[in-house]
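Count along the sequence shown from 1, add 1, and you get the number used in this note's numbering.
Even glycine gets a Cβ: it sits at the ideal position worked out from N, Cα and C.
One structure is given here, and the rest of the page talks about it.
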Amino acid sequence: MPSSLRIAQEAVLRPIGEVAAAAGLEPDEVDAYGRYKGKVSLSVLERLAAKPDGKLIDVTAITPTKAGEGKTTTSVSLTQGLGHIGKNVALCLREASLGPVFGIKGGAAGGGYSQVVPMEDLNLHFTGDIHAIGAANNLLAAMLEAHLLHGNELDIDPLSVSWRRCVDINDRALRNIVVGLGGRANGFTRQTGFDITAASEVMAIVAVASDLSDLRRRLGAISVGQTYGGEPVTAEQLEAAGSMTVLLKETIKPNLVQTLEGQPAFVHCGPFANIAHGNNSVVADRVALKLADYVVTESGFGSDMGMEKFFDIVC
């Protein structure tokens, strides 16, 4: 049997416009990102508001091993199997994070003849969602530092600051660092660190937001630290929420790709299940449920974590 890489590279893909049309999307509801990727407008939810939702199928596992239990491969194969017997089916998955891609776990596109393609694009940058989330996260950190330096009108205690920066690489030297060295012009000296972008609160927020206004409201509620009096300080108070939302205006739109057998696959967001809800975005599920009779998705880690949160939060 050929390797998963060879299978993905030799696959003949359908143009994304063809995949979108077959799924029931209008031409003006999809923005192409190259020939085989697209962003889906949330306006489709308004157009199909009266249409009943399809059935949502969740793939989970027992407590996973270090390398996972193959939930993605199972999800893709189930989607392709349902498509093969003539069912109107769509797939919803989480986006790949560069940390696991370059670590022991590997990519997030499935394996063998049960893959989502274009596989390399999906695993490497994709449509830039994770980079945009990282930029929004770090913009808030920068605006917080600037506020502390330029008068600190909100009376924030620098030692209470809990907001960390993020980067989409497993760089353990950045997990715990000291910032603000080099004098007053470079900020307050304090201990902080970086998280992997998929573990950012911004990632979790994008994954549960229902539209741009909801995203803006949720971002504004982020707590970054406390005042000297012990009151929480939010991104809204720092006047950062609007700027963060602008950075994420395309990110909130679900990404559309395809399985090796041509079924539509919505791959969007990737919050970890141990610190967030561990499922793809709610808007991706909602769009897929309006378009397909059956929607296959997966939950992070095992049934005691990702699936539990799928029932309690997503559903």
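inquiry  = Nearest by alpha-carbon distance to Ile170: which of Leu125, Arg36 and Ile178 is it?
reply    = The residue with the shortest Cα to Cα distance from Ile170 is Leu125.
Residues near Glu202 in its chain [Cβ-Cβ closer than 7 Å; skip 5 each side] = Closer than 7 Å at the Cβ level, and outside the excluded window around Glu202, lie Ile223.
message = So, with DSSP's three-state summary, where would you put Pro101?
response = In the three-state scheme derived from DSSP, where H, G and I count as helix and E and B as strand, Pro101 is classed as helix.
ask   = Since Asp286 contacts Leu43 with CB under 8 Å, what's their CB separation in whole angstroms?
value = Actually they are not in contact, since the Cβ atoms of Asp286 and Leu43 sit about 13 Å apart, beyond 8 Å.
query = For Val258, which beta-bridge partners are listed by DSSP?
reply = Note: Val258 sits in a beta bridge opposite Ala266.
query = Under the rule that 16 or more other beta-carbon atoms within 10 Å means buried, what is Glu19, buried or exposed?
reply = Classification for Glu19: exposed.
ask   = Should Glu240 go down as buried or exposed, given a rule of 16 or more other Cβ atoms within 10 Å for buried?
value = Around the CB of Glu240, fewer than 16 other CB atoms lie within 10 Å, so the residue is classed as exposed.
request  = Can you give me the start and stop residues for the alpha helix (DSSP H) that Ala205 sits inside?
outcome  = Ala205: member of the alpha helix (DSSP H) spanning Glu202 to Val209, first to last residue.
query = CA-CA distance, Ala21 and Val297?
reply = Taking the Cα positions, Ala21 is about 17 Å away from Val297.
key: Close-in-space but distant-in-sequence residues of the same chain around Leu155 (CB under 8 Å, 5 per side omitted)   = For Leu155, where only same-chain residues beyond five positions count, the Cβ hits under 8 Å are His148, Thr228, Val234, Gln238 and Leu239.
task = Quick one: give me the first and last residue of the beta strand (DSSP E) that Gln192 is part of.
result = For Gln192, the uninterrupted beta strand (DSSP E) segment begins and ends at Arg191 to Thr193.
ask   = Would you call the segment 97-110 and the segment 278-294 in contact, with 3 or more CB pairs under 8 Å?
value = With the cut-off at 8 Å, the segment 97-110 and the segment 278-294 do not touch.
task = In angstroms with no decimal places, state the Cα-to-Cα distance between Lys254 and Lys40.
result = Spanning the two alpha carbons is a distance of roughly 6 Å.
Endpoints, alpha helix (DSSP H) assigned at Val20 = For Val20, the enclosing alpha helix (DSSP H) starts and ends at Ile17 to Ala24.
ask   = Count the other CB atoms within 10 Å of the CB of Val179; is the residue buried (16 or more) or exposed (fewer)?
value = Label assigned to Val179: exposed.
query = When DSSP labels each residue in this structure, what does Arg287 get in the three-state scheme?
reply = It is helical.
query = What's the C-alpha gap between Arg194 and Glu11?
reply = The residue you asked about is not Arg; residue 194 is Gly in the sequence shown. Gly194 and Glu11: Cα-Cα distance of roughly 42 Å.
request  = Could you say which of Leu57, Ser161 and Lys88 lies nearest to Gln264 if we only look at CA atoms?
outcome  = From the listed residues Leu57, Ser161 and Lys88, the smallest Cα separation to Gln264 is found for Lys88.
query = Taking the alpha-carbon positions, what's the Glu232 to Asp172 distance?
reply = Our two residues, Glu232 and Asp172, have alpha carbons roughly 33 Å apart in a direct line.
Where Val77 falls: helix, strand or coil (DSSP) = Val77 carries a helical assignment under DSSP once its states are collapsed to helix, strand and coil.
inquiry  = Using 8 Å as the cut-off, can you tell me whether the segment 295-313 makes contact with the segment 75-82, which would need three or more C-beta pairs spanning the two stretches below that distance?
reply    = The answer is yes - the segment 75-82 touches the segment 295-313, with three or more Cβ pairs under 8 Å.
request  = Mind reading off the beta-carbon distance from Ala199 to His278? Whole number of angstroms is fine, and I expect it under 8 Å.
outcome  = The pair is not a contact, with the Cβ atoms about 12 Å apart (cut-off 8 Å).
ask   = Sorted by chain position, which residues of the same chain lie with C-beta nearer than 6 Å to Pro119's C-beta, five sequence neighbours on each side aside?
value = Same-chain partners within the cutoff: Tyr37.
request  = Taking all protein chains shown into account, decide if His269 is buried (16 or more other Cβ within 10 angstroms of its Cβ) or exposed.
outcome  = The residue is buried, with at least 16 neighbouring Cβ atoms inside 10 Å.
message = At the level of alpha carbons, what is the spacing between Ile314 and Asn280?
response = Note on geometry: alpha-carbon atoms of Ile314 and Asn280 lie some 10 Å from one another.
key: Between the CA atoms of Trp164 and Arg185 - distance to the nearest angstrom   = So the two alpha carbons sit approximately 20 Å from each other.
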